[in-house]
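> Each residue of the sequence shown is one higher than the one before, starting from 4 at the first, in our numbering.
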Amino acid sequence: GSTGPPSMSKRSLSMTPMVFSTFTAGPLHIKSKKLLVFLPAAVCVSLVSSESIGACLEGERCDQQALGDIEESQLLSVDLLQQSEIKFDRMVQPEFSLYKDAAPKTTTTPDPTGMTMNAVGDLEAFLSALITNVVCVFVFWFIFSMLRKSYPKMYYNNSLEGIAPELPDTTWGWFGATLGLKIEDVAERISLDHAMMLEYTHWSMKLLLWIAVPMFFVIGPINCLFGGYAAGEDHLSYLSFGNVENGSNLYWIHAVVIWYVTIQVKNAVYTGMNEFIPRRVNWLRTLPEIRSKTILVENIPEEYQTEKGLADFWKQLLPHATINNAYIAKDTTMLLQLIMGKDAAATSLQQAKKQQVESGERPMFCESFFSERVDAIEHWQ
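#1: In the DSSP assignment, the alpha helix (DSSP H) including Pro168 goes from what residue to what residue?
#2: Are three or more beta carbon pairs between the stretch 237-245 and the stretch 309-318 nearer than 8 Å?
#3: I need the DSSP call for Val411, collapsed to helix, strand or coil.
#4: Measuring straight from C-alpha to C-alpha, what distance separates Phe91 and Trp213?
#5: Use the C-beta contact count for Ile261: other C-beta atoms within 10 angstroms, 16 or more gives buried, fewer gives exposed.
#6: Just grab the DSSP bridge partners of Val216 for me.
#7: Take Tyr154 and list the residues in its own chain whose beta-carbon comes closer than 8 Å to its own, dropping the five residues that flank it on each side.
#8: Note down, in chain order, each residue of its chain lying with its Cβ closer than 6 Å to the Cβ of Pro171, except the 5 sequence neighbours on either side.
#9: For Gln353, which option in Leu341, Pro366 and Ala314 has the closest C-alpha, if you only look at C-alpha atoms?
#10: Return the residue from the list Ala329, Phe229, Pro304 and Trp286 that minimises the CA-CA distance to Ile298.
#11: For the putative contact between Leu201 and Ile222, defined by C-beta atoms under 8 Å, what is the C-beta separation to the nearest angstrom?
#12: Taking DSSP as the reference, what is the three-state secondary structure of Val259?
#13: Within the same chain, show all residues whose beta-carbon is closer than 7 Å to that of Ser356, passing over the 5 residues directly before and after it, in chain order.
#14: Roughly how many angstroms lie between the CA atoms of Lys318 and Pro291, to the nearest whole one?
#15: Contact between the stretch 183-198 and the stretch 277-287: three or more CB pairs below 8 Å?
#16: Just the Cα atoms here: how many angstroms apart are Glu364 and Asp378?
#17: With distances taken from CA atoms, which of Glu370, Glu301, Ile326 and Ile266 is nearest Ile293?
#18: So, using beta-carbon positions, are Ser207 and Gly231 closer together than 8 Å?
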């Protein structure tokens, strides 16, 4: 490339990485080690010569001697390649592996979720976390029961004031009385939002009951016994789909399981909505009229920015509805500034009159350092 045109040199340098990418594409079986040194040079010469021909075809001037040198270099490169007797064997797997020193093979959750997948030793970690959480539940349950008796206004003041049902004055009596509450009673006493929060937890527990119980006691043992032990030493995945080997007939069972879960979730959502709508309607009907029959209107056009204009607009929009009142919340930003200025001037006028009474002379006022002094009482008036 150093003896050719500048464009040829640039092209040859840019093509050199492609040469070495060819050598690293697969394992090599080299019979002639002596020619290995000359092989990169030969291929580079071949690429440089082919680029130089392209340069001549694009308009650059090349003499006959240069073309002859190019053809000779091409023949030389081909001859060297044939003599080297290098064979590429695509069937041989390289000994080097990017995953040789990687973590143990995982079996379930995919990487894009941001969570680590099940691996060897996770069962022990899961059992440790489960035991810790169960112990914490009982510890906090005990602490709450003790503090409840020491600080009654903080922990069951609604029961003391009659808003909630009266609870037994014992250490553990609150638990049974709380489980006996009905959603209708909760909605009537502490609003529908609180009741629906409790109902959502009930809905979640029922859904998990319909899904988790058959998964754990039916599908889990099937995966463990007949899955083929694809999880290996990953004991946590023995009951899951990660223990099913590729091509197993259990795939058909899991196809049915997917539809079972889908149908159960759909039925649970529709059932929950059908139970919620009557409660919502009943809650709206029991609200005070000013709260249940008032709507907020924003971005009112300028021609309707009066109470009468807004009422007429809604009468046209809903001819069968009765519009009792329309209220316009006015923007009083400028008005408040003017009122504040007026109050400040009245205060200053009162001070100027007081100063006149004390001194016997009319006080003077100057708005700025360079302005003319004027009578303060007249100014503030």
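Backbone N, C-alpha and C fix where the C-beta goes; we use that ideal spot for every residue, glycine too. Owing to the predicted nature of the structure, the values given are computational and were not obtained by experimental measurement.
According to the structure shown:
#1: Where Pro168 is concerned, there is no enclosing alpha helix (DSSP H), given that its DSSP letter is neither H nor E.
#2: no
#3: Only positions 4 to 384 of the chain appear in the structure, and residue 411 is not among them; the question remains open.
#4: Only weak support is given to the placement of Phe91: the predicted model assigns it a pLDDT of 44, under 50, and the value that follows is read from those uncertain coordinates. C-alpha separation (whole angstroms): 58 Å.
#5: exposed
#6: For Val216, which the question treats as bridged, DSSP gives no partner whatsoever.
#7: none
#8: none
#9: The shortest Cα separation from Gln353 among Leu341, Pro366 and Ala314 belongs to Pro366.
#10: Ala329
#11: Their Cβ separation, rounded to whole angstroms, is 31 Å, which puts Leu201 and Ile222 out of contact at 8 Å.
#12: helix
#13: First, the amino acid is wrong: residue 356 is Lys here, not Ser. Excluding residues within five positions, the ones whose Cβ falls inside 7 Å are Ile380.
#14: 23 Å
#15: yes
#16: 10 Å
#17: Ile326
#18: no
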